[in-house]
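K.L.:
At position 204 of the sequence shown (counting the first as 1) the number is 284 in our numbering, and the numbers step up by one without a gap.
Ideal Cβ positions, reconstructed from N, Cα and C, are used throughout, including at glycine.
Fair warning: this is a prediction, and the values are worked out from it, not measured in the lab.
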Amino acid sequence: MEQLPPQNETVLIRRAFGLSGKTLGEIAANQGTHCPPDLKRHKGWVGQLLEWVLGASAGSKAEPDFPHLGIELKTIPVDGSGKPRESTYVCVAPLDGSMATQWHESWVCRKLSKVLWIPIVSDANTPLSERRIAPPKLWTPTPKQAHQLQTDWEGLFELIASGSIWQMDAFKGDVLQLRPKGANKNDLVWAIDEEGNWVQTVPRGFYLRPSFTREIIASQFTDPP
């Protein structure tokens, strides 16, 4: 059963904590749906399931998942110690000249202004249905974290604005990075290169490095119950 959007932050947090300790299979069954065997053909299923359960209302709109609260929902796969198992996708990186020119106007900044993190514990061999929800964390960047994000974004923005497409790799940025974001190798987008010409290239997205997200959710795995 689809949840109505939470009236306030307290209701959202209560709902999120209510999922702690449950497996994805249990949550799916409670919603009258089936858990797929894996995510190979079901990318985004975990996030969609939790959006449904928690009452997110943004859908595919360019706004936070809970627009009336200004809160973005991010699931993050972790191991038993709380170490993230991969980078975390934030949003697409426009390569066609439409990207905001100031950090505070950027979609990355708005997406990360307040985030409800939901860690999902598993190892590489844990079936999807048996992966378990850990306690959530409502996070707002500290001044240090905000500075790190802004500094990286501004550096990556310069690459995009200058059309330096072939210099865009995952090694740039201390906490925020650019990575390919496409369904397959044939998934291409139009971009403006260094000469101002339109060219086709693989789409890119902004991602948070695991070392940064580990810092965010560390307390959920070290604080006493």
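Report the three-state DSSP secondary structure of Q228 (helix, strand or coil).
P.N.:
Reduced to three states, the DSSP call for Q228 is helix.
K.L.:
Work out the CA separation of G101 and W270 for me, nearest whole Å.
P.N.:
W270 and G101: Cα-Cα distance of roughly 44 Å.
K.L.:
Tell me which residues share the same chain as V195 and place their Cβ nearer than 6 Å to its Cβ, disregarding the 5 neighbours each side in the sequence.
P.N.:
Correct list, in chain order: E152, K154, W219.
K.L.:
On the three-state DSSP scale, how would you describe C115?
P.N.:
DSSP places C115 in coil when its eight states are reduced to three.
K.L.:
Roughly how many angstroms lie between the CA atoms of S193 and E210, to the nearest whole one?
P.N.:
Going by the C-alpha atoms only, they are around 31 Å apart.
K.L.:
Hey, L258 and D249: beta-carbon distance below 9 Å or not?
P.N.:
Yes, they are a contact pair.
K.L.:
Closer than 8 Å is the cut-off here; do at least three beta carbon pairs connect the region 153 to 170 with the region 273 to 288?
P.N.:
Yes, the region 153 to 170 is in contact with the region 273 to 288.
K.L.:
Excluding the five sequence neighbours on either side, which residues of its own chain have a C-beta within less than 6 Å of the C-beta of P164, listed in chain order?
P.N.:
Excluding positions up to five away in sequence, the list reads I156, V158, P290, T293, R294.
K.L.:
Using a Cβ-Cβ cutoff of less than 7 Å, which residues in the same chain neighbour Q230 once the five nearest sequence positions on both sides are dropped?
P.N.:
W183.
K.L.:
Starting from C171, follow its DSSP beta bridges and name the residues at the other end.
P.N.:
BP columns for C171 point to F286.
K.L.:
Hey, how far is the Cα of F146 from the Cα of K217?
P.N.:
So the two alpha carbons sit approximately 15 Å from each other.
K.L.:
Tell me F146's beta-bridge partners as DSSP assigns them.
P.N.:
F146 pairs with I151.
K.L.:
Return the chain-ordered list of same chain residues with a C-beta closer than 6 Å to the C-beta of G177, the five sequence neighbours on each side being excluded.
P.N.:
Here the set comprises I272.
K.L.:
According to DSSP, which residues form a beta bridge with V201?
P.N.:
Answer by DSSP bridge pairing, in chain order: V158, R212.
K.L.:
So what's A271 in DSSP terms, helix, strand or just coil?
P.N.:
A271 falls in the strand class under three-state DSSP.
K.L.:
How would you call E274, buried or exposed, if buried means at least 16 neighbouring beta carbons within 10 angstroms?
P.N.:
Classification of E274: exposed, given that the 10 Å Cβ count is below 16.
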